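Counting from 10, one number per residue, gives the positions in the sequence shown under my numbering. All C-beta atoms in this analysis are idealised placements derived from N, C-alpha and C, irrespective of residue type, glycine included. Nothing here was measured: the structure is a model prediction, and the numbers come from that model. Before any comments, here is the structure.
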Amino acid sequence: MTSLLVLGGARSGKSRYAQSRIEAHEGRLAYIATAEAGDAEMANRIARHQQDRGPRWHTIEAPITLPCAIDEAPATADAILVDCLTLWLSNLMLGDHDLTNASNALLRSIRKCRIPIALIANEVGLSIVPENALARRFRDEAGRLNQKLASAADEVVFVAAGLPLQLKQINTQM
């Protein structure tokens, strides 16, 4: 099994990069989405992404229950793309969930996964210090989660301006 963590800023090309890596695999592909269509613009964005992915992809919605979705996906898929972990973290924070238990469950699911998995996360710590406490906490929690994920992943890539930069690679095949 191989795990890939793709980090980058908004509109950096990280999703396109991760999707192309997963599409290189034969068979059925699972797209685990953490976004919810809270308004018309988001609903249109989700529909456009689903159409762009094509018929090989099966979408699984998991705004909160991401570890369970990863555990169950291999029953119907040969490779998994998770988009995005930062939004999942935001969903957890807004729902006042236990972040330590949730992130530990996520790491266990990733380590147990026996099919290729690519995980997308935003790098939010490269900007100015946020002005309010909630935003600072989110930035800090996202940074901690990304560090844990990078430690667990076989491969880590940072994408900026559509260009991938290899940060970590263990000799595996993806």
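C-alpha distance - residue i paired with residue j, whole-angstrom precision
i: Ile124; j: Ala88; result: 6 Å
i: Thr74; j: Ala111; result: 9 Å
i: Val165; j: Ile179; result: 9 Å
i: Arg65; j: Asp149; result: 36 Å
i: Phe147; j: His106; result: 13 Å
i: Arg62; j: Glu140; result: 37 Å
i: Leu108; j: Phe167; result: 24 Å
i: Arg145; j: Met102; result: 12 Å
i: Thr68; j: Ala114; result: 21 Å
i: Leu174; j: Val15; result: 10 Å
Residue closest to residue i, alpha-carbon to alpha-carbon, out of the options
i: Arg120; options: Ala144, Thr109, Asp80; result: Asp80
i: Leu143; options: Ala170, Leu98, Leu172; result: Leu98
i: Gly152; options: Asn113, Arg57, Ile137, Val133; result: Val133
i: Ala39; options: Gly17, Ser136, Ala27; result: Ala27
i: His135; options: Leu13, Gly18, Ser12, Leu14; result: The sequence shown places Leu at residue 135, not His. For the residues Leu13, Gly18, Ser12, Leu14, the minimum Cα distance to Leu135 belongs to Gly18.
N-terminal and C-terminal residue of the beta strand (DSSP E) that residue i is part of
i: Ser12; result: 12-17
i: Leu90; result: 88-92
Beta-bridge pairing of residue i - partner residues as DSSP gives them
i: Glu70; result: Ala42
i: Pro173; result: Val168
i: Ala130; result: Leu16
i: Gln178; result: Glu164
Presumed contact (8 Å Cβ cut-off) between residue i and residue j, rounded CB distance
i: Val91; j: Ile41; result: 5 Å
i: Ser12; j: Ile126; result: 5 Å
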